[in-house]
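Trainee: Numbering (my numbering), first residue to last: 13 to 191.
For glycine and all other residues, C-beta sits at the position ideal for the given N, C-alpha and C.
Since we're looking at a predicted model, the values are computed, not measured.
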Amino acid sequence: FCAEKFMYDADAESSSIRGDSYTVTMYGYDKIDRFLESVSKAISICEIGIEALRAVIPQGGSFVPELEFHDSEAKEWLPLAKSSQGQFDVMQLFLELYLLEVHTASLRVIVADEFDKHLHPTAAIKVLESVQHFSKNNHIVTILSTHSLSQYLSPAIVVQPRIFFDRSVDGGIQLMEGS
């Protein structure tokens with residue numbers, strides 16, 4: 013259906029879509045906003061060009077919020093499709109971490125393969141440090157893989173338990189551990 017009037021207030025607990033003979037009220041958007049505010053704080057310290065995330069309700073009667081990010085250089089809100097692959101990967105990683113934070117399971121694990129593949133090395137280290145801090149404070153087991161030696165040598169990872177594989181010229185693979 014096509015909504016004639018949509019009212020969304022980020023500070024309200026509910027939002028409504030009104031037509032000639034109906035009103036549909038949705039609840040819980042305030043929880044989405046609080047969740048995204050927490051995620052935004054973690055992402056902003058990674059210095060990847062994103063200041064914040066927000067949920068917006070599209071025009072035309074959709075009940076599904078869409079995410080936008082605030083670009084720190086352009087100083088405007090943009091749809092996720094305008095983010096770089098590295099920015100998108102970091103947003104996805106932190107959204108998953110924060111979802112695990114609210115999960116009540118006794119074992120909470122996240123695995124991110126090549127978390128740094130689309131990031132500048134400096135940004136990758138900031139992401140790594142932020143993930144490490146968040147995971148430790150929220151008792152989440154985080155397994156991150158990388159092919160970048162510069163990340164392996166960063167202070168954030170040198171102090172962490174780690175394993176790595178070394179492939180020799182003859183094709184042999186050796187498992188090594190460090191702590």
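Could you compute how far the alpha carbon of F177 sits from the alpha carbon of M188?
Mentor: Cα to Cα, F177 sits roughly 6 Å from M188.
Trainee: Using the Cα positions of H145 and V76, report the straight-line distance between them to the nearest angstrom.
Mentor: Roughly 32 Å between the two C-alpha positions.
Trainee: Quick check on the DSSP output: the beta strand (DSSP E) that includes H193 runs from which residue to which?
Mentor: Given that the chain is displayed from residue 13 to residue 191, the structure contains no residue 193 and the question cannot be resolved.
Trainee: If you follow the alpha helix (DSSP H) that V51 is part of, which residue opens it and which one closes it?
Mentor: 41–56 is the span of the alpha helix (DSSP H), which, as asked, contains V51.
Trainee: I think G40 touches Q99, with their Cβ atoms under 8 Å apart; what is that distance to the nearest whole Å?
Mentor: No, G40 and Q99 are not in contact; Cβ-Cβ is about 27 Å, not under 8 Å.
Trainee: How would you label P173, buried or exposed, when you count the other beta carbons within 10 angstroms and need 16 or more for buried?
Mentor: The residue in question, P173, is exposed, as its Cβ has fewer than 16 Cβ neighbours within 10 Å.
Trainee: Since H132 and S96 should fall inside the 8 Å C-beta cutoff, what is the C-beta to C-beta distance between them, to a whole number of angstroms?
Mentor: In fact, because the Cβ distance is near 10 Å, the residues do not count as touching under 8 Å.
Trainee: Counting C-beta neighbours from all protein chains within 10 Å, is the total for I152 16 or more, i.e. buried, or is it exposed?
Mentor: Buried.
Trainee: Is P91 helix, strand or coil when you go by DSSP?
Mentor: Note: P91 maps to strand in three-state DSSP.
Trainee: Determine the DSSP secondary structure at A117, reduced to helix, strand or coil.
Mentor: Correct three-state label for A117: coil.
Trainee: Does the stretch 113–121 come close enough to the stretch 133–144 that 3 or more CB-CB pairs lie under 8 Å?
Mentor: Judged by Cβ distances under 8 Å, the stretch 133–144 makes no contact with the stretch 113–121, as fewer than three pairs qualify.
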